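Each remark here refers to the structure printed beneath this line.
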Amino acid sequence: MTQAEERPYDGCGKCLVGVRRLSRKSDATWSPERQRTNVLSAVASVGGHVIAWADDWEVSGATNPLDRPKLGPWLKGERGPWAGIAGAAVDRVGRNIADTLNTGYRLRDEGKLLVTYGHTGPWDLNDPNDENQFIAQAWGAHMELRATETRNRDETVKSREQGRKRGKHSYGYRYVRLHLKANIDHVALDNGEDFPEEIRERENAVKNLRDVAERILADRTEQITPHSEAARLTRRGVYSPADHERVMGGKEPRGGPWDGEALRKMLVSEAALGYLMHRGKPVVDDKGMPVRVATSLWNRETHEALVRKLAPKKIPTPRAEAGAHLLSGVAFCGNCHYRQYRTGSPVAMTCHSRMKGLTNCKPSPTIYVSYLEEGLTAWFLSTYGDHQYMETVFDPGNGVEDELNEKLAARNRLRGDRDAGLYDDEEDAAWYRDRYGALSADIKRLRAIPSRPAGMVTRPTGETVHSRWTSAADDGARRQMLNEFGVTVDVFPDGHEPRWRPLVDGKDPDAQIAESVEAMRQRRAV
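Taking this note's numbering, I'd label the letters of the sequence shown as residues 0 to 525.
Right, here's the structure in full:
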């Protein structure tokens, strides 16, 4: 390669963008190095030079070139001046015939060049011979795309019928292969085994997901939600599910954050029960029971509790704090009782209600964050620091209820399919009666067995409030402790005594103590 093949835009009329693409699937016949060599050879054959590379890795050929992350902005004119594109072959531009032809004609109409390796000179789509040849190559790429899609679809159906996993695995699980490039042998829990030792504990997907489920189920403050948990995982530096899978495949992480809605879907999906899934629903066997392909992350009771907890609420609640600031959602104005916000430098908490036209709060109290955080921390630890820290966790029960709920869910699915008209034929109706009768017998048997139902249990942690506060990961975790104890703080204007006042469940704890002492004195005086 010479310097003449790659240099900045100079307006020579042959300043070309090199186009390279690899499918999401393994595309060994089109390595990046081979594509680069072919593109540079094609550019040199027309006397041009490459000004930039539009490298779309892990992008399907079915993706419209305009929608590709790297090539799309060039085609839309968002990357500066250029004279055309150069690719290793027509199918590197695209495999969908409509998108490929639209791209070719778009370049023709805009006066841009289209160069591919193996074709003499730039494509001239105004010439019938060149146009027919271009259409033939685009059609060949399209036929190959459809053959690949059909083959993948057939393999997926076959795998599903055999109870084998195919495609992407759910977060919390990993595929186990007996040797490199072998078929999937089984699905196992992902405890971070595929990661380096220094980040293995952090990337323990099973522990991460179970911790999130336990924290959400134990929460009584409405301040721990999938969105706040997604923010917490991002702050901890835990790879997002997409980056987690990339690193497991030997690729570099992209640094994407966790998404709250995606996390909610993981928590309520029956994939966490170890089922083989298809279009969001468990695949069932000939007995009407879900096909289990892996160990479950939690049992049926926990799944049902998560579904109830994360169901859309009819009455909207205030959005939970997802940041790492101690006083966010904790500090309130002592005059108008509206929430205070961080502002200025050095950072202070102040009331914005008058600025927003909500009240006529004067003077609006402002207090330095460092001063208030120090004072509130000292008060909280002196009041509760020596107390034993208790945690409320979800107890899944003794398992009988789990099996019973699974049978009930299977029977309900069977009943729903019957209501949809899937078993109207005489032969199918007989099969339905057999399966329904077997499930009903199992349900009757399980209902006769004593069970310990699932529920919330409060238990000691062996820590004090002070030690838990000190060991907390950040101020976001400490704020959640304040929320658990119902602690807020009212802030008053400068000169007011006291400058700030802690509240527990909206009441002044010192005033409650004083009332109790006075009541005791009055009883003694009688």
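C-beta atoms are modelled at their ideal positions from N, C-alpha and C, and glycine is treated no differently. All values reported here derive from a predicted model rather than from experimental measurement.
Are any of the Cβ atoms in chain C nearer than 8 Å to that of residue i?
| i | result |
| --- | --- |
| Gly93 | Absence of chain C from the displayed structure is noted, only one protein chain being present. |
May I ask which residues mark the beginning and end of the alpha helix (DSSP H) holding residue i?
| i | result |
| --- | --- |
| Phe379 | 368–383 |
| Ser227 | 225–235 |
| Gln479 | 474–483 |
| Trp73 | 70–74 |
| Ile96 | 96–108 |
| Ile448 | Neither: Ile448 is in no alpha helix (DSSP H) and is coded neither H nor E. |
| Arg91 | 89–92 |
| His118 | His118 -> no alpha helix (DSSP H), and no H or E assigned at all. |
| Leu423 | Contrary to the premise, residue 423 reads as Asp rather than Leu in this sequence. Segment: none, Asp423 is in no alpha helix (DSSP H) and carries neither H nor E. |
| Asp242 | 240–247 |
| Cys259 | The residue asked about is misnamed: residue 259 is Gly in this sequence, not Cys. 259–267 is the extent of the alpha helix (DSSP H) around Gly259. |
| Ile198 | 196–199 |
Looking at the structure shown, is residue i part of a helix, part of a strand, or coil, going by DSSP?
| i | result |
| --- | --- |
| Arg412 | helix |
| Gln34 | helix |
| Gly461 | strand |
| Gln339 | strand |
| Lys24 | Confidence in Lys24 is poor, its pLDDT being 44 and thus under 50, which makes the residue's placement too unreliable to answer from. |
| Glu496 | coil |
| Gly79 | coil |
| Val211 | helix |
| Val306 | helix |
| Ala323 | coil |
| Thr220 | coil |
| Thr349 | strand |
| Leu407 | helix |
| Val456 | strand |
| Phe133 | helix |
| Cys122 | Looking at the sequence provided, one finds Trp at residue 122 rather than Cys. DSSP places Trp122 in coil when its eight states are reduced to three. |
| Trp138 | helix |
| Asp401 | helix |
| Val42 | helix |
| Lys443 | helix |
In whole angstroms, what separates the C-alpha of residue i from that of residue j?
| i | j | result |
| --- | --- | --- |
| Leu208 | Val237 | 11 Å |
| Arg432 | Lys264 | 34 Å |
| His351 | Asn359 | 10 Å |
| Ala97 | Ala88 | 16 Å |
| Lys75 | Leu375 | 55 Å |
| Thr233 | Gly117 | 48 Å |
| Glu303 | Val18 | 49 Å |
| Val38 | Thr147 | 25 Å |
| Gly505 | Ala476 | 21 Å |
| Glu109 | Trp81 | 11 Å |
| Pro68 | Ser22 | 13 Å |
| Asp218 | Asp474 | 18 Å |
| Val211 | Gly328 | 21 Å |
| Tyr367 | His386 | 29 Å |
| Ser25 | Gly248 | Below a pLDDT of 50, predicted positions are generally treated as unreliable, and Ser25, at 48, falls in that range; no measurement from the model is reported. |
| Gly259 | Ala321 | 10 Å |
| Glu405 | Val282 | 14 Å |
| Gly255 | Glu228 | 15 Å |
| Ala419 | His141 | 38 Å |
| Thr301 | Val205 | 15 Å |
Between the Cα of residue i and those of the options, spot the shortest distance and give me the residue it belongs to.
| i | options | result |
| --- | --- | --- |
| Lys13 | Ser59, Gly120, Thr62 | Gly120 |
| Leu275 | Ser169, Ala88, Ser344 | Ser169 |
| Lys111 | Pro497, Arg173, Val16, Cys332 | Val16 |
| Ala310 | Phe393, Arg245, Ile215, Val399 | Ile215 |
| Arg467 | Leu481, Ala85, Gly454 | Leu481 |
| Asp497 | Arg414, Gly259, Gly333, Leu124 | Note on identity: in this sequence residue 497 is Pro, with Asp being the wrong assignment. If we check each option's Cα against that of Pro497, Gly333 comes out closest. |
| Ser363 | Met354, Tyr370, Lys69, Ala429 | Met354 |
| Arg434 | Asp284, Glu372, Gly47, Thr457 | Asp284 |
| Ala137 | Trp430, Arg94, Ala51 | Arg94 |
| Ala347 | Tyr337, His465, Thr99, Glu372 | Glu372 |
| Ala408 | Phe491, Leu438, Leu380 | Leu438 |
| Met288 | Tyr104, Leu413, Leu326, Asp90 | Leu413 |
| Asp189 | Ala181, Asn182, Arg201 | Arg201 |
| Cys335 | Asp509, Asn128, Phe491 | Phe491 |
Per DSSP, which residues does residue i bridge with? Please list them.
| i | result |
| --- | --- |
| Pro289 | Val283 |
| Lys506 | Val503 |
| Leu188 | Tyr172 |
| Ile84 | Val16, Leu113 |
| Cys332 | Val490 |
| Met354 | Partner(s): none; Met354 has no beta bridge. |
| Glu5 | Val49 |
| Tyr431 | DSSP output for Tyr431 lists no bridge partner at all. |
| Tyr274 | Arg291 |
| Thr365 | Thr349 |
What are the boundary residues of the beta strand (DSSP E) that includes residue i?
| i | result |
| --- | --- |
| Tyr388 | 387–394 |
| Asp54 | 48–55 |
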